[in-house]
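Visitor:
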Amino acid sequence: QSKIPTARFIPVATEVVPVVDSSVSQSAAAATTTTSLNQHLTNATTQEVCQWLAKYGISKTSLDILQREEIDGVFLFEESIDVIRNALKEEGMRTGQISRIRHAIEKAKKEGYLI
């Protein structure tokens, strides 16, 4: 006689294993982190502002200027772009870096991440 199960064989699951798509989980976690940071940009500390701007290619030298001058979310999102530009230029920040910061501010405002 054959030991191959017949049609009367009923398989029984012994363990349920959840299937997790790690790429979805990781991207969802990243989106949550980004959203929570962006939602608090107007109230962001200097350190949080620097972390956020680092994603836009702001150089370490420019981030050091922001730290030294204690540039926070209130300054970046409540002052005019002219005031921001003049203040950063006076501190020796390069024009390209100021432009990147301006772009990041405009993008955050456009996407409605500000409270």
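The numbering of the sequence shown is the numbering used here, which starts it at 7 and goes up by one.
Every residue, glycine too, gets a C-beta built ideally from N, C-alpha and C.
Small disclaimer: the values here were computed from a predicted structure and weren't measured.
Taking the beta carbon of I87 as the centre, do at least 16 other beta carbons fall within 10 Å, making it buried, or is it exposed?
Guide: Here residue 87 refers to the residue found at position 81 when the sequence shown is read from its first residue. Per the 10 Å Cβ criterion, exposed.
Visitor: Within the continuous alpha helix (DSSP H) that includes L72, where are the two ends?
Guide: As a position in the sequence shown, residue 72 is number 66, starting the count at 1. K66 to R74 is the extent of the alpha helix (DSSP H) around L72.
Visitor: Return yes when the Cβ of I107 is within less than 9 Å of the Cβ of S68, no when it is not.
Guide: Taking the sequence shown and counting its residues from 1, the one referred to as residue 68 is at position 62. Taking the sequence shown and counting its residues from 1, the one referred to as residue 107 is at position 101. Yes, these two residues count as a Cβ contact at 9 Å.
Visitor: What residue range does the alpha helix (DSSP H) around R106 cover?
Guide: Residue 106 sits at position 100 when you count from the first residue of the sequence shown. Start and end: T101 to K116.
Visitor: For L72 and G118, I'd like the C-alpha separation in whole angstroms.
Guide: Numbered from its first residue, the sequence shown carries residue 72 at position 66. Numbered from its first residue, the sequence shown carries residue 118 at position 112. Computed Cα separation, rounded: 23 Å.
Visitor: Could you check what DSSP says for I79 in three-state terms: helix, strand or coil?
Guide: Working through the sequence shown from its first residue, we reach residue 79 at position 73. Contrary to the premise, residue 79 reads as Gly rather than Ile in this sequence. The answer is helix: DSSP assigns G79 an H, G or I state.
Visitor: With a threshold of 16 other CB atoms inside 10 Å of the CB of D78, please say whether the residue is buried or exposed.
Guide: If you number the sequence shown from 1, residue 78 lands on position 72. Its Cβ being crowded by 16 or more others within 10 Å, D78 is buried.
Visitor: Along the chain, where does the alpha helix (DSSP H) that runs through T52 open and close?
Guide: The sequence position of residue 52 within the sequence shown is 46, counting from 1. T52 to A60 is the span of the alpha helix (DSSP H), which, as asked, contains T52.
Visitor: Assign A60 to one of two classes, buried (16 or more other C-beta atoms within 10 Å of its C-beta) or exposed (fewer than that).
Guide: Counting from one through the sequence shown, the residue named residue 60 turns up at place 54. By the neighbour-count rule (16 or more Cβ atoms within 10 Å), A60 is not buried but exposed.
Visitor: Which word fits Q57, buried or exposed, when buried means at least 16 other C-beta atoms lie within 10 angstroms of its C-beta?
Guide: As a first step, residue 57 is located in the sequence shown; it is residue number 51 there, counting from the start. Per the 10 Å Cβ criterion, exposed.
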